[in-house]
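Student:
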Amino acid sequence: MNLTNFFTQFAKHKALSAENQKLKEQLKRTVNNVNSSLAVQNASLLNQINGLNSIPNGILNVQTNSQAFGSMSTTASFQNLMNEFNKIKGMPYKFGGEGNGGIDCSAFTQRMMKAGGVNVPRTANEQFQSTKNCLVCNGFEPNKMRPGDLIFFKNTTSKTPSGLASHVGIYIGNGKMIHSGSSTKGVGVVDLTKGYNNGKWLGVTRPSNNFVMFNNNLLQPVQNLNMLGIQTSQMNFASMKPQQVYNTIKGIAHKLGDPHPEITAAQFCLESGYGKKTSGKFNYFGVKGQGSIVNTHEEIKGKLVSMKQSFKDYNSPIESIKDHINLKMTSRHYAGYSTSTNTDQALSCLKKYATNPLHVEVVKNYIKPFVYDRVC
Numbered sequence: 482m483n484l485t486n487f488f489t490q491f492a493k494h495k496a497l498s499a500e501n502q503k504l505k506e507q508l509k510r511t512v513n514n515v516n517s518s519l520a521v522q523n524a525s526l527l528n529q530i531n532g533l534n535s536i537p538n539g540i541l542n543v544q545t546n547s548q549a550f551g552s553m554s555t556t557a558s559f560q561n562l563m564n565e566f567n568k569i570k571g572m573p574y575k576f577g578g579e580g581n582g583g584i585d586c587s588a589f590t591q592r593m594m595k596a597g598g599v600n601v602p603r604t605a606n607e608q609f610q611s612t613k614n615c616l617v618c619n620g621f622e623p624n625k626m627r628p629g630d631l632i633f634f635k636n637t638t639s640k641t642p643s644g645l646a647s648h649v650g651i652y653i654g655n656g657k658m659i660h661s662g663s664s665t666k667g668v669g670v671v672d673l674t675k676g677y678n679n680g681k682w683l684g685v686t687r688p689s690n691n692f693v694m695f696n697n698n699l700l701q702p703v704q705n706l707n708m709l710g711i712q713t714s715q716m717n718f719a720s721m722k723p724q725q726v727y728n729t730i731k732g733i734a735h736k737l738g739d740p741h742p743e744i745t746a747a748q749f750c751l752e753s754g755y756g757k758k759t760s761g762k763f764n765y766f767g768v769k770g771q772g773s774i775v776n777t778h779e780e781i782k783g784k785l786v787s788m789k790q791s792f793k794d795y796n797s798p799i800e801s802i803k804d805h806i807n808l809k810m811t812s813r814h815y816a817g818y819s820t821s822t823n824t825d826q827a828l829s830c831l832k833k834y835a836t837n838p839l840h841v842e843v844v845k846n847y848i849k850p851f852v853y854d855r856v857c
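Residue numbers for the sequence shown, in the working numbering: 482 to 857.
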């Protein structure tokens, strides 16, 4: 190789090395840019999850499919909740209202949570009692709270006994809560950072989709009981206190579509001794039919008579409760139960339910301590 060719090849090699170095630097810049972009995206995502930094005009705009949104299993679930909120934003508050011209606090949260795929009971205190095992915090702690959490407040008037939930709303992030109440003249957004209901916080809970315990097609009663927190070994309810039994049965009856679950709960407690005795297998209500033969007492023409009676057998407590509700809803002897608008009306339809003429009064007196006014 002559000298001219050597310098020509050397020049080409030098140029190629320079090009390679240029490509290396360009690649390095690209990698740095990608890492920087990912860092920004991750930070943005973290902000969205922890605080939902931007909610323009009350409309949520989040683009992550994370499962971190409190009681909502996906962002889509929470978006559905917010979409439902925007449909009725501005609806006036109405005590006992469920959407026809007005809505109260617990009917609002029930409707919003349902839109997000989570079922909760009807009243504020029922919602708290049913979800307090999922307690997040006792006061305003935004670093612990997540969108979709339920926020409960203590009684604001003398109508509600101390320690019970009288108001409820839903946390949407960024220190804000949606609710139906007097402070927003109905359905609206509350800024919790400005001291809303200071000193009256009862707790923040995070129900999950597992809280959707029952529906009208109960195919797996044992599994559904476990979702409610009742283990198979506790199906006789013997280890539970009377109020726990009452609240549990009331929740089950509500999920089964009973318009007056408080009556079913009281009847369960009274007739089965809080689930500790049955007439027939899993027969907690003394429903007669082909099954177990039991020694019983009947009042006939004012006299108490001992006799053997046949009572239905069931495969599970749920089956017993469901059959009892169906009897009250469909039997002509109890006409009007399903259409009654309050407890007293419904009880008046059950005068033929039992041979005991005081049955209605006994049930009514049992329910009284458990009935609380909803206050917003």
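Think of the CB as a built atom: it goes at the ideal place given N, C-alpha and C, for glycine as much as any other residue. Computed from a predicted model, the values in this text were never measured in an experiment.
Around the Cβ of LEU541, are there at least 16 other Cβ atoms within 10 angstroms (buried) or fewer (exposed)?
Tutor: In this prediction, LEU541 has a pLDDT of 34, which is less than 50 and means its spatial position is unreliable; what the coordinates show is noted afterwards. The residue is buried, with at least 16 neighbouring Cβ atoms inside 10 Å.
Student: Note the first and the last residue of the continuous alpha helix (DSSP H) segment covering ILE730.
Tutor: That run of the alpha helix (DSSP H) goes 723-736.
Student: Would you call ASN606 buried or exposed, if buried means 16 or more other Cβ atoms sit within 10 Å of its Cβ?
Tutor: So ASN606 ends up on the buried side.
Student: Give the DSSP bridge partners of LYS769, in chain order.
Tutor: Paired residue(s): PHE792.
Student: Where does the unbroken alpha helix (DSSP H) through MET594 begin, and where does it stop?
Tutor: Taken as a continuous stretch (DSSP letters only), the alpha helix (DSSP H) holding MET594 covers 586-596.
Student: Per DSSP, what are the beta-bridge partners of THR824 in this structure?
Tutor: In DSSP, THR824 forms no bridge with anything.
Student: Pull the bridge partners of LYS657 from the DSSP assignment, please.
Tutor: Beta-bridge pairing links LYS657 to GLY654 and ASP672.
Student: Tell me the rounded alpha-carbon separation between PHE609 and GLY817.
Tutor: Taking the straight line joining both Cα atoms gives about 31 angstroms.
Student: In this structure, how does DSSP classify PHE718 when only helix, strand and coil are distinguished?
Tutor: Coil.
Student: Taking Cβ positions, are GLY597 and ASN655 nearer each other than 8 angstroms?
Tutor: Contact: no.
Student: Report the three-state DSSP secondary structure of TYR847 (helix, strand or coil).
Tutor: The answer is helix: DSSP assigns TYR847 an H, G or I state.
Student: Given this structure, state the Cα-to-Cα distance separating ILE569 from GLY582, to the nearest angstrom.
Tutor: Their Cα atoms are separated by approximately 11 angstroms.
Student: Taking the beta carbon of LYS736 as the centre, do at least 16 other beta carbons fall within 10 Å, making it buried, or is it exposed?
Tutor: LYS736 comes out buried.
Student: Roughly how many angstroms separate the alpha carbons of LYS657 and ASP672, rounded to a whole number?
Tutor: Cα to Cα, LYS657 sits roughly 5 angstroms from ASP672.
Student: Within this structure, are the beta carbons of PHE763 and SER801 separated by less than 8 angstroms?
Tutor: Yes, the Cβ-Cβ distance between PHE763 and SER801 is below 8 angstroms.
Student: Tell me, to the nearest whole angstrom, how far the beta carbon of VAL601 is from that of PRO688; I am working on the premise that it is less than 8 angstroms.
Tutor: So it is a contact: roughly 6 angstroms between Cβ atoms.
Student: Could you check which residue in ILE848, SER760 and LYS613 has the C-alpha nearest to that of ILE730?
Tutor: For the residues ILE848, SER760 and LYS613, the minimum Cα distance to ILE730 belongs to ILE848.
Student: Can you give me the C-alpha to C-alpha distance between SER829 and LYS675, rounded to a whole angstrom?
Tutor: Answer to the nearest angstrom: the Cα atoms are 48 angstroms apart.
Student: Is the distance from the Cβ of MET572 to the Cβ of GLY667 below 8 angstroms?
Tutor: Yes, Cβ-Cβ distance for MET572 and GLY667 is below 8 angstroms.
Student: Please go through the same chain and pick out, in chain order, the residues whose beta-carbon is closer than 6 angstroms to the beta-carbon of LYS793, but skip the five residues on each side of it.
Tutor: Within the same chain, LYS793 has close Cβ partners GLY761, ASN764, VAL768, GLY770 and GLY772.
Student: Around the C-beta of ARG813, are 16 or more other C-beta atoms found within 10 angstroms, so that it is buried, or is it exposed?
Tutor: Its Cβ having fewer than 16 others within 10 Å, ARG813 is exposed.
Student: Count the other CB atoms within 10 Å of the CB of PHE576; is the residue buried (16 or more) or exposed (fewer)?
Tutor: Exposed.
Student: Below 8 angstroms on the Cβ atoms is my guess for ALA827 versus ILE744; work out the distance and round it to an integer in Å.
Tutor: 6 angstroms between Cβ atoms; contact.
Student: Round the Cβ separation of PRO723 and TYR677 to the nearest angstrom and send it over; I've been treating them as touching at under 8 angstroms.
Tutor: Incorrect: roughly 35 angstroms between the Cβ atoms, too far for contact.
Student: Are HIS660 and CYS586 touching if we call contact CB-CB under 8 angstroms?
Tutor: Cβ distance < 8 angstroms, so HIS660 and CYS586 count as in contact.
Student: Name the DSSP bridge partner or partners of LEU616?
Tutor: The partner list for LEU616 (beta bridge, DSSP) reads THR686.
Student: Do PHE749 and LYS681 count as a contact pair if the criterion is CB distance below 8 angstroms?
Tutor: No, these two residues do not count as a Cβ contact at 8 angstroms.
Student: Give me the DSSP bridge partner(s) of ILE632.
Tutor: In DSSP, ILE632 forms a bridge with GLY650 and VAL685.
Student: When DSSP labels each residue in this structure, what does HIS840 get in the three-state scheme?
Tutor: Correct three-state label for HIS840: helix.
Student: Using the rule of at least 16 other Cβ atoms within 10 Å of the residue's Cβ for burial, across every protein chain shown, is LEU683 buried or exposed?
Tutor: Buried, because 16 or more other Cβ atoms sit within 10 Å of the Cβ of LEU683.
Student: Could you tell me whether the Cβ atoms of THR665 and ASP630 are closer together than 8 angstroms?
Tutor: Their beta carbons are not under 8 angstroms apart, which means THR665 does not touch ASP630 by this criterion.
Student: Leaving aside the five residues before and after PHE621 along the sequence, list all residues of the same chain whose C-beta is less than 7 angstroms from its C-beta, in chain order.
Tutor: Only LEU673 and TRP682 meet the Cβ criterion.
Student: Express the C-alpha separation of ASN846 and LEU808 in angstroms, rounding to a whole number.
Tutor: About 22 angstroms.
Student: Between the Cα of ASN796 and the Cα atoms of TYR815, SER821, GLY578 and THR759, which residue gives the shortest distance?
Tutor: Among TYR815, SER821, GLY578 and THR759, the Cα nearest to that of ASN796 is on THR759.
Student: So CYS750 is in the alpha helix (DSSP H); what residue range does that whole segment cover?
Tutor: Where CYS750 is concerned, the enclosing alpha helix (DSSP H) stretches over 742-753.
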